[in-house]
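Each protein sequence line maps, in turn, to chains A and B. With the first letter of the first sequence counted as 1, position 47 gets the number 47 in the working numbering; the numbers rise by one all the way through. With the first letter of the second sequence counted as 1, position 70 gets the number 185 in the working numbering; the numbers rise by one all the way through. Every residue gets a Cβ at the ideal spot worked out from N, C-alpha and C, and that includes glycine.
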Amino acid sequence: NAGVTQTPKFRILKIGQSMTLQCTQDMNHNYMYWYRQDPGMGLKLIYYSVGAGITDKGEVPNGYNVSRSTTEDFPLRLELAAPSQTSVYFCASSYSAPSTNEKLFFGSGTQLSVL
Amino acid sequence: GENVEQHPSTLSVQEGDSAVIKCTYSDSASNYFPWYKQELGKGPQLIIDIRSNVGEKKDQRIAVTLNKTAKHFSLHITETQPEDSAVYFCAASIPGTYKYIFGTGTRLKVLA
Numbered sequence: 001n002a003g004v005t006q007t008p009k010f011r012i013l014k015i016g017q018s019m020t021l022q023c024t025q026d027m028n029h030n031y032m033y034w035y036r037q038d039p040g041m042g043l044k045l046i047y048y049s050v051g052a053g054i055t056d057k058g059e060v061p062n063g064y065n066v067s068r069s070t071t072e073d074f075p076l077r078l079e080l081a082a083p084s085q086t087s088v089y090f091c092a093s094s095y096s097a098p099s100t101n102e103k104l105f106f107g108s109g110t111q112l113s114v115l
Numbered sequence: 116g117e118n119v120e121q122h123p124s125t126l127s128v129q130e131g132d133s134a135v136i137k138c139t140y141s142d143s144a145s146n147y148f149p150w151y152k153q154e155l156g157k158g159p160q161l162i163i164d165i166r167s168n169v170g171e172k173k174d175q176r177i178a179v180t181l182n183k184t185a186k187h188f189s190l191h192i193t194e195t196q197p198e199d200s201a202v203y204f205c206a207a208s209i210p211g212t213y214k215y216i217f218g219t220g221t222r223l224k225v226l227a
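Here it is in structure tokens:
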């Protein structure tokens, strides 16, 4: 199993550009998440999904959109990129909900700079 | 709101010494506390976890302790090795939600 795969690993955007961060998992996990990691700030939840066709906002959703058309894929869309979106983005998945003490599997991250 | 405080933010130890990282959570209903290790250029990986009905758990050189009354939990690494150098995150689950609250991370450096 490849686990959780994210692409691209690095990207530089100009202010106002758009892009999609790709995430796919081959573990048949129902739950998928997008986090951003800023220096000294830990991991903040952007969006999550509990299954195909179901998505919901996390702590910091503004400026982002997601979709979940299949169990495997959970892309994150940035519209009108802003410098405040410069961060490292992690996709994660789990078989069941955190409330069931389920561990998260993380991808290797996407480092995004908006200049 | 829900919060997890983690200390210290950086920690340097000599190889062979012990390292301790501490976290405090705010939601008394939290019942699951995982620790993740993030190596350079990689995503976080679970290294150990503890549930609220257990006070201590050990796995070889790493251990986690939980004090529910004080809402504290700690990661202990003994006989540290250079490969233990990484960023460590604590987290707490929020019952009834689909999320964890993460601490701000501790950068551990093991000096050879």
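By the Cβ-count criterion, F10 of chain A is exposed, with fewer than 16 other Cβ atoms from all chains shown falling within 10 Å of its own Cβ. Runs of the beta strand (DSSP E) spanning 3 or more residues and lying entirely within the segment 143–181 of chain B occur at 147–153, 160–166, 171–174, in chain order. Within a 10 Å sphere around the beta-carbon of H29 of chain A sit 16 or more other beta-carbons, which makes this residue buried. Here the alpha carbon of S189 of chain B sits roughly 43 Å from the alpha carbon of Q17 of chain A. Put simply, the backbone Cα of P149 of chain B is about 16 Å away from that of L45 of chain A.
Rounded to whole angstroms, K14 of chain A and T71 of chain A show a C-alpha spacing of 32 Å. In the same chain as A201 of chain B, and ignoring 5 residues on each side of it, the C-beta atoms closer than 7 Å to its own belong to K152, Q153, E154, L223, in chain order.
Residue pairing for K44 of chain A: DSSP places it in a beta bridge opposite A:R36. G211 of chain B counts as exposed, since fewer than 16 other C-beta atoms from the protein chains shown sit within 10 angstroms of its C-beta. By the Cβ neighbour-count rule, S94 of chain A is buried, with 16 or more other Cβ atoms within 10 Å of its own. Nearest to G131 of chain B by alpha-carbon distance, out of B:R176, B:I216, B:G156, is B:R176.
Following the DSSP letters along the chain, one finds L78 of chain A inside the beta strand (DSSP E) bounded by residues 76–78.
Rounded to the nearest whole angstrom, the C-alpha separation of A227 of chain B and E194 of chain B is 12 Å. Interface annotation for the segment 138–151 of chain B against chain A: Y147, P149, criterion Cβ-Cβ distance under 7 Å.
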